[in-house]
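In the working numbering, the protein residues as written are 63 to 316.
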């Protein structure tokens with residue numbers, strides 16, 4: 063029986079290794095996307111990784127809080143994704159039923175993939191459980207860009223008051239370009255709302271325009287879609303594997 067199992071272990075198709083590492087690669091891809099988003103949003107000061115007591119954010123600049131965990135996820139994920147090439151080549155170049163040229167390669171790429179993904183998930187869990195959210199910064203950044211994104215809403219309200227859509231569309235386009243120039247070239251606040259309110263053609267007061275810029279009225283079904291996805295997709299998976307999920311937080315050394 064032992065010899066039979068050994069025989070199977072030696073001759074199984076090396077595509078199995080490729081399939082296993084592809085699954086690990088997909089985990090790494092998703093985690094890396096999360097880490098990239100975290101790094102971008104931390105750069106915008108909207109979110110921040112947990113920052114441990116005594117942690118050094120930068121060896122050169124004491125004030126900085128670099129997203130070290132996310133950067134480490136990206137680094138390890140990149141390694142996992144590149145390791146998938148090894149079993150792919152092995153599966154494609156095996157002679158007849160098998161050869162042993164994959165032995166050393168397999169003993170490196172397979173365990174390294176599992177160990178790296180394990181480390182990635184520990185970092186992922188640590189970040190996601192302790193994300194710092196700066197709601198006021200998010201609101202400030204959103205309101206700075208919202209006039210540009212809500213020009214269609216402003217245009218519709220102006221048309222309802224009797225304005226000519228074609229004429230108003232061209233004016234909004236020009237005002238948007240001018241407001242964008244003030245923001246990008248001179249670092250000034252977005253004054254698109256003021257420009258539109260001062261133009262009597264639109265027939266809208268600043269208060270009416272600001273009411274149209276209410277984010278709650280511009281996000282469509284996004285909040286409900288998130289709730290539905292969690293309820294219909296995420297929660298069933300969590301429930302299915304409830305016994306395998308531990309509340310114990312793994313130690314992260316940074």
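Note that beta-carbon positions come from the ideal geometry of N, C-alpha and C, so glycine has one too.
Predicted model, so just to flag it, every value in this text is computed and none were measured.
{"Item": "3 or more residues per run - each beta strand (DSSP E) lying fully within the segment 232–300", "Value": "none"}
{"Item": "Heavy atom of the ligand MG within 6 Å of residue 219 beta-carbon", "Value": "Among the components modelled here there is no ligand, and therefore nothing to report on the ligand MG."}
{"Item": "Closest Cα partner of residue 85 within the set 210, 145, 74", "Value": "145"}
{"Item": "Other residues of its chain near residue 167: CB distance less than 6 Å, five sequence neighbours each side excluded", "Value": "148"}
{"Item": "Whether residue 182 touches residue 93 by CB criterion (7 Å)", "Value": "yes"}
{"Item": "Classification of residue 283 by the beta-carbon crowding that lies within 10 angstroms, buried from 16 upward", "Value": "exposed"}
{"Item": "Test item: CB-CB of residue 81 and residue 153 under 7 Å", "Value": "no"}
{"Item": "Contacting residues, own chain, Cβ-Cβ under 6 Å from residue 202 (five flanking each side not counted)", "Value": "none"}
{"Item": "Pair within 7 Å by beta-carbon distance, residue 209 and residue 252", "Value": "yes"}
{"Item": "C-beta contact flag for residue 142 and residue 90 at 7 Å", "Value": "yes"}
{"Item": "The segment 291–307 touching the segment 227–241, judged by at least three CB pairs closer than 8 Å", "Value": "no"}
{"Item": "Coarse secondary structure for residue 110, derived from DSSP in three states", "Value": "strand"}
{"Item": "Continuous alpha helix (DSSP H) assignments of at least 4 residues falling wholly in the segment 169–214", "Value": "197–211"}
{"Item": "Residue of 295, 111, 276 minimising C-alpha distance to residue 191", "Value": "111"}
{"Item": "Contacting residues, own chain, Cβ-Cβ under 7 Å from residue 200 (five flanking each side not counted)", "Value": "108"}
{"Item": "C-alpha distance - residue 65 paired with residue 289, whole-angstrom precision", "Value": "Low per-residue confidence applies at residue 65: pLDDT is 48, beneath 50, and the placement is therefore not dependable, though the value from the model is reported in the following sentence. Cα to Cα, the separation comes out at about 53 Å."}
{"Item": "Residue from 216, 132, 310, 173 whose Cα sits closest to the Cα of residue 273", "Value": "216"}
{"Item": "Reference residue 225, options 87, 264, 165, 177, closest by Cα", "Value": "264"}
{"Item": "Status (buried if at least 16 other CB within 10 Å, exposed otherwise) for residue 287", "Value": "exposed"}
{"Item": "Cα-Cα separation between residue 258 and residue 266, rounded to whole angstroms", "Value": "8 Å"}
{"Item": "Runs of beta strand (DSSP E) lying entirely within the segment 76–103, each at least 3 residues, in chain order", "Value": "none"}
{"Item": "CB contact flag (residue 131, residue 185, <7 Å)", "Value": "yes"}
{"Item": "Backbone secondary structure at residue 223 - three-state DSSP", "Value": "coil"}
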